[in-house]
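Using our numbering, read the sequence shown as starting at 9 and increasing by one per residue.
Below is one structure, written out as structure tokens; the observations come after it.
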Amino acid sequence: MFDRSLKIAPSILSADFADFGREIRAIEDQGADWVHVDVMDGHFVPNLTFGPPAVAAFRKHVKTVMDVHLMISPVDPYIDAYAKAGADILTAHVEAGPHAHRTMQAIRAAGMKAGVAINPGTPAEAVEHLLDMVDLICVMTVNPGFGGQKYIDMTAKVRKLRSMIGDRPVHIEIDGGMDPTTAPLMVAAGADVLVAGSAVFKGGSVSTPEVYGTNMRAIRDAVSAAKAA
Ligand code: DX5
Ligand code: ZN
């Protein structure tokens, strides 16, 4: 059965980079549904993060779902490396090259779930012809590259995607600026997966992991309260 319930995917871009193993265990113990890994190449986006060996090292600690978000171009030469590194879901940007259709086929052929990410400046229609070959659409609510940026409203785009998806088993994930104020807007528009970096990790550490739990609960509670209203 396709799971459209709310899922929180903390981005380890906001974790302590010297302590990923314990950070991943801490967020999972505190109730994270998925672990979001932001891969950046210094070319598609103006920042550099993790290659396949780093992602393979994270895998050893992830017990839930490892959700790998590629902000790289080109994508296709690296798909097998991220499959070997243990990604469960591999998401590539529709803007990353001229052959997003081929990229989605290649991700599934490598045994992973396929995600397509879409930048704030790209219309929903850009992914229309991919709907039958993806498991997830990641709607960026910031311009990708950095954590802690200000949320850009994409409510109309999410609503449009939700109706384009119909009853297909496709998740809508929101990435950027998710917190207790912005998350309810996106869930109301049709999202089921919320990536959150700074809003989950702020104020906590591996020695005070309960703060991560409190931060995630604040997001869930805000979503439930908005639904009940
Ligand atoms: C942005 C990344 C995000 C980022 C989210 O390029 O794709 O996953 O870590 O961070 P916050 O939640 O701090 O906006
Ligand atoms: Zn991301």
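Note that CB positions come from ideal geometry on N, CA and C, so glycine has one too.
Keep in mind the model is a prediction, meaning the values are calculated, not measured.
Anticipated Cβ contact below 8 angstroms, residue i with residue j, distance rounded
{"i": "residue 121", "j": "residue 97", "result": "4 angstroms"}
{"i": "residue 53", "j": "residue 75", "result": "With a Cβ gap of about 17 angstroms, residue 53 and residue 75 do not count as contacting."}
{"i": "residue 31", "j": "residue 219", "result": "Contact flag wrong, Cβ pair sits at about 12 angstroms."}
{"i": "residue 142", "j": "residue 123", "result": "6 angstroms"}
{"i": "residue 94", "j": "residue 116", "result": "That pair is no contact at about 16 angstroms."}
{"i": "residue 34", "j": "residue 72", "result": "At roughly 13 angstroms, the Cβ-Cβ gap does not stay under 8 angstroms, so residue 34 and residue 72 are not in contact."}
{"i": "residue 140", "j": "residue 114", "result": "Not really, about 16 angstroms apart at Cβ, beyond 8 angstroms."}
{"i": "residue 15", "j": "residue 200", "result": "6 angstroms"}
Reduced DSSP secondary structure (H/G/I, E/B, other) of residue i
{"i": "residue 186", "result": "coil"}
{"i": "residue 19", "result": "strand"}
{"i": "residue 139", "result": "helix"}
{"i": "residue 193", "result": "helix"}
{"i": "residue 109", "result": "helix"}
{"i": "residue 144", "result": "strand"}
{"i": "residue 202", "result": "strand"}
{"i": "residue 118", "result": "coil"}
{"i": "residue 160", "result": "coil"}
{"i": "residue 125", "result": "strand"}
Among the options, the one whose alpha carbon lies nearest that of residue i
{"i": "residue 48", "options": "37, 109 and 153", "result": "153"}
{"i": "residue 13", "options": "53, 196, 186 and 212", "result": "196"}
{"i": "residue 37", "options": "236, 217, 186 and 231", "result": "217"}
{"i": "residue 155", "options": "9, 188, 88 and 209", "result": "209"}
{"i": "residue 99", "options": "92, 106 and 111", "result": "111"}
{"i": "residue 103", "options": "135, 200, 139 and 232", "result": "135"}
{"i": "residue 198", "options": "27, 174 and 236", "result": "174"}
{"i": "residue 164", "options": "85, 132 and 11", "result": "132"}
{"i": "residue 212", "options": "9, 17, 178 and 24", "result": "24"}
Would you check if the stretch 125-141 and the stretch 57-66 touch, i.e. whether three or more CB-CB distances between them fall below 8 angstroms?
no
Under 8 angstroms, with one C-beta from each stretch per pair, do the stretch 135-149 and the stretch 204-212 reach the 3-pair mark?
no
Going residue by residue through the stretch 23-105, where are the continuous beta strand (DSSP E) segments of at least 3 residues, counting only ones entirely within it?
43-48, 74-79 and 97-101
Does the stretch 167-183 come into contact with the stretch 62-70, if we say contact requires no fewer than three beta-carbon pairs (one atom in each stretch) closer than 8 angstroms?
no
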